[in-house]
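Report on the following structure.
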Amino acid sequence: MNVLVTGGAGYIGSVTVELLAKSGHKAVVIDNLSEGHKNAVPERHTLITADIADGEKLDAVFTANKIDAVMHFAAHCYVGESVKNPAKYYDNNVIAGLKLLNGCVRHKVEKFIFSSSCATYGIPEKIPITEEEKQIPVNPYGETKLAFEKALKRYSAAYGIKYSILRYFNAAGAAEKLGEDHRPETHLIPLILGCAMGKREKVEIFGTDYSTPDGTCIRDYIHVSDIARAHILAMESDFSDCYNLGNGSGYSVKEVIKAAEKVTGKKIKTAATGRREGDPPILIGDSKKISEKLAWKPAFASIEKIISSAWKWHRKNPEGYKE
Ligand code: UFG
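Sequential numbering of the sequence shown, starting at 0, is according to numbering that gives the first Met the number 0.
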């Protein structure tokens, strides 16, 4: 299939582009490079540096490349930032996203794969979280992802475009040549590894008074390559549905630090600080549905394996991608 990958120069997008090519599909990347990296897209793939809100540009890209499916990764994704600057999140994740979706309708795209998030569930009633859980987000980031999910379902019913909504839990780890390089970095695992490499002095622990066994937040970490594979399976399926994408086991912030100490052999200095606004205490996903319907199974089920892959990439690329 000819696949337009928005945000294909970003962390999860670039790993998916690589896998699309390996699976016999043709990826066309559109990325405004506000957060993505040109060097994360090998030259053999088409990289169009443009914004998805640019309708004229989109029309030209759809027409020139006969796009069958769209994988939509381009979005802002920081929970904390979304609380402080919701306008940035609504503008990009909802308004620009709808422009892309309108383009898909104009050009009769068959399938739309959307990067959604467990942040759409807010504070769940039941753990692990199934797709049946009520979606009541507690931060603007989750609200924007939910708003787009709703629009996508309506567009599907009215205009016939098929969709797969993938609600990721915490993406982590690296592929051999592609890894996580956010600037500034805010995610726990790369921050910890930055300390292990001597680039940072310490890791702050955001909240030690949550109602969890050690008082720190629990998350379900899932390897970026496992997320990428789920996208291909979803695109190749011919029905519309929503799926959780997690490993089904949770690790607290302190447990992640301990696992990273084991993997790296370095002691990580920490400092307990206050809670970060918008953080739910526990998020663990039940991914039974995608396992049953699309035969997806994570290859990286252990946190050590996930951290190990990231550690390898960060040591090889201490300054991240060269610009
Ligand atoms: N954390 C710290 N210190 C840090 C950074 C993070 O204690 O310096 C904690 C956070 O409070 C959280 C956990 O580590 O409990 C993981 O935080 P990340 O920032 O790595 O990831 P988030 O859970 O905030 O967010 C990520 C993605 C979102 C996605 C979410 C789903 O960025 O897009 O996972 O849980 F929605």
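Virtual Cβ for every residue (Gly too), placed ideally from N, Cα, C. Since the model is a prediction, treat every value here as computed from it, not as a measurement.
Note: Leu244 is bridge-paired with Tyr167 in the DSSP secondary-structure output. A distance below 8 Å separates the beta carbons of Pro280 and Cys216. Linking Ala49 to Val93 through their CA atoms gives a straight-line distance of about 17 Å. According to DSSP, residue pairing for Ser114 in a beta bridge involves Leu165. Setting aside the 5 residues that flank it on each side, Ala270 is surrounded in the same chain by Lys201, Glu203, each with a C-beta closer than 6 Å to its C-beta; the list follows chain order. Annotation for Ala68: Met0, Asn1, Val2, Leu3, Val108, Glu109, Lys110, Phe111, Ile112, Met234 place their beta carbon closer than 8 Å to its own, counting only its chain and skipping 5 residues before and after.
Distance from the C-beta of Ser163 to the nearest heavy atom of ligand 1 is not below 7 Å.
In terms of Cα proximity to Ile11, the closest of Ala300, Leu187, Ser114, Thr45 is Ser114. Taking the Cα positions, Phe72 is about 5 Å away from Gly6. In this structure, the alpha-carbon of Gly264 lies about 43 Å from that of Ile51. By the criterion of a C-beta distance shorter than 7 Å, Trp310 is surrounded in its chain by Leu192, Val262, Thr263, once the five residues flanking it on both sides are discounted. Pairing Arg166 with Leu18 gives a Cβ-Cβ distance that is not under 8 Å. Taking 7 Å as the cut-off, the C-beta of Thr207 does not count as close to any heavy atom of ligand 1. Separation of the CB atoms of Val16 and Glu276 is rounded to 33 Å, and the pair is thereby denied contact status at 8 Å. By the 16-neighbour rule on beta-carbons within 10 angstroms, Ala259 is buried. Arg274 and Phe205 do touch by the CB rule: their CB atoms are close to 6 Å apart, below 8 Å.
At least one heavy atom of ligand 1 falls within 7 Å of the beta-carbon of Phe168. Asp180 has its alpha-carbon roughly 22 Å from the corresponding atom of Asp278. Beta-bridge partners assigned by DSSP to Ala68: Val2, Lys110. Taking C-beta atoms as the reference points, Ile29 and Val78 fail to come closer than 8 Å. Exclusion of the five residues before and after Pro212 leaves Ser251 as the residues of its chain whose Cβ lies within less than 8 Å of its Cβ. Short note on Leu187: C-beta closer than 7 Å to some heavy atom of ligand 1. For Tyr120, the CB stays at least 7 Å from every heavy atom of ligand 1.
Within the model, the alpha-carbon separation for Ala39 versus Ser224 is close to 15 Å. The beta carbon of Leu99 sits closer than 6 Å to the beta carbons of Ile51 from its chain, once the five residues preceding and following it are set aside; these are given in chain order.
The C-beta distance from Ile164 to Leu151 rounds to 7 Å, short enough to meet the 8 Å contact threshold. For Asn169, the closest of Cys117, Gly9, Gly102, Tyr154 by C-alpha to C-alpha distance is Cys117.
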